[in-house]
Structure formats: structure tokens, C-alpha cells
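Beneath this line is the structure, given in C-alpha cells, with notes to follow.
In full-length UniProt numbering, the protein residues as written are 1 to 239.
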């Protein structure tokens, strides 16, 4: 027996190594330790929870959410699983979903102060995001209106033949630019909303090259011949 051969580490040892790496902010190494432990004990919900945290620190939100969901699946009565899921959703700016997950965790641990603070913080972030969107729309609308008024004044004051001479046309022009500003602000606010959750998209699979696969599996195109040419090729033994 080879005395130099080391015994395989246990699940607990791997988990402790992962925890130490997390403390030292070596999150990639922590993921490797947790993954090895999960292979040995695939039903250990604590390992999925720990790896979810490590993935979150690496900004791998999709993988972090997968582990958080697996934690909840394996142990639906454990508050920390829902807390992990809420943390990923909050980092992805899915505030409504995060509040639901935090609330579910709080139902399991009604006296958990950290959960109460998390719900309060995420609610404040949600309100701030809504207020910022409204401010963006308001600012763009005002900028459009001011720009319209400035153009009207410059046109009337510094051109020999002003384009806008009637008061109604001046007002209409200013209001039109104000409307354009509103549309720009509304679009910016909507795009900010649509961007929420994009970090949860699965990472691209670089191992599969679909284009090459299609090229390799594509049948070879057969050359068409006339009946006379086919008979001639048959006599020559080419068919």
C-alpha cells in the first residue's frame, strides 16, 4: 500500500475548506470545494446554500439562483434558503420577487431582525428606483419644453423672417418638444425596468459550436443529371 497516498477528504472537511475560502474572499476556490462536496453528498442543502453565496460574490447571479432554488427544494422549511434566493433577486434588481422571498423567510423565522431590516432596505430601494424613474421623465419633459421655448425666442429675435410668428404655433412647437422629452424620459425609464433580471440569464455554453455542428451534419448536395447523362455515367461505371 502506498503510504504517500492521501485519504479522500470528507464532505465536512470540504465544506470547512470552502467556508475558510469565503472568509478569505477566495470565492472561486470556495466554489470548487463546495462543488466537490456536493458530488459526494448531493442532498446536502447547506452546501448549495454556501455555494449560492459564493456564486453571488462572483456576480454569477444565474448560478447563485439555481443553488438557492435547490436549497429551497431540498429544505423548504429552512429560512436561509429563501434568504439566499432573495439576496440574488435583490442583486438582480428584481425587488418585487426579493420582497416575496424575504417575506417567506420571515414567516419561518418571525423574530429574525436581519430579515426585517432586509425587507425594509429592499422596499426603500424599490421606492427610490420608482422615484428616480419619475424624476427622469420629469427632467426630460422640462428639458424638452425649455429647449422649445429657447428655439422660439431665438427664432423670433435673431432671424429676419421668423419661422414661427403666430403665438399658437410658438406654443405648439414648445409643447411638441416637451412631448418628445417626455417620450425620451419614458423610454429611458422603461429600459431601466426591462434591464432588471438580465443578470439572471444563463451563461453562454461555449462548449457547443452549433454552426460547425450544422455544417458537419448537413448532407452532401447531389448533382442532378439528365437521363441521357445518367445512362452514359452508368455505362462508364460512375454510378
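Quick reminder that beta carbons are idealized off the backbone N, C-alpha and C, glycines included.
For residue j and residue i, believed in contact at Cβ under 8 Å, the rounded distance
i           : j           : result
residue 44  : residue 11  : 7 Å
residue 98  : residue 81  : Residue 98 to residue 81, Cβ: 14 Å. No contact.
residue 62  : residue 164 : Residue 62 to residue 164, Cβ: 54 Å. No contact.
residue 246 : residue 95  : Here the chain has residues from 1 to 239 only, and residue 246 is not among them.
residue 37  : residue 57  : Going by Cβ atoms, the distance from residue 37 to residue 57 rounds to 18 Å, so no, they are not a contact pair.
residue 51  : residue 65  : The Cβ separation is near 12 Å, so there is no contact.
residue 119 : residue 90  : Between residue 90 and residue 119 the Cβ distance is about 10 Å, and since that is not below 8 Å, they are no contact.
residue 41  : residue 32  : With 8 Å as the limit, residue 41 and residue 32 do not qualify as a contact, their Cβ atoms being about 16 Å apart.
residue 137 : residue 182 : 6 Å
Closest residue to residue i among the options (Cα-Cα distance)
i           : options      : result
residue 186 : 200, 98, 140 : 140
residue 54  : 170, 30, 115 : 30
residue 255 : 124, 109, 83 : Residue numbering for the chain in the displayed model covers 1 to 239; residue 255 lies beyond these limits and cannot be assessed.
residue 104 : 78, 92, 93   : 78
residue 184 : 41, 151, 133 : 133
residue 49  : 135, 117, 72 : 72
residue 109 : 136, 137, 76 : 76
Exposure label - residue i; buried when at least 16 CB within 10 Å
i           : result
residue 130 : exposed
residue 25  : exposed
residue 170 : buried
residue 107 : exposed
residue 159 : exposed
residue 28  : exposed
residue 153 : exposed
residue 22  : buried
residue 111 : exposed
residue 189 : buried
residue 8   : exposed
residue 113 : exposed
residue 157 : exposed
residue 209 : Reliability fails at residue 209, whose pLDDT of 44 lies under 50, so the model's placement of it is uncertain and the value that follows must be treated cautiously. Answer is exposed; the Cβ neighbour count stays below 16.
residue 60  : buried
residue 215 : Because residue 215 carries a pLDDT of 42, less than 50, the predicted location of this residue cannot be relied on, and the following value inherits that uncertainty. Under this definition residue 215 is an exposed residue.
residue 70  : buried
residue 13  : exposed
residue 20  : exposed
residue 93  : buried
- request: Ignoring anything shorter than 4 residues or poking outside the UniProt repeat "TPR" (79-112), list the alpha helix (DSSP H) runs there in chain order.
  value: Restricting attention to alpha helix (DSSP H) runs no shorter than 4 residues, the UniProt repeat "TPR" (79-112) encloses them at 79-91, 95-108, ordered along the chain.
message: So, does the stretch 144-154 touch the stretch 171-191, judging by three or more C-beta pairs under 8 Å?
response: Between the stretch 144-154 and the stretch 171-191, the count of Cβ pairs shorter than 8 Å is three or higher; the stretches touch.
message: Threshold first: 4 residues or longer. Then list the alpha helix (DSSP H) segments lying entirely within the stretch 52-83, N to C.
response: Runs found: 61-74.
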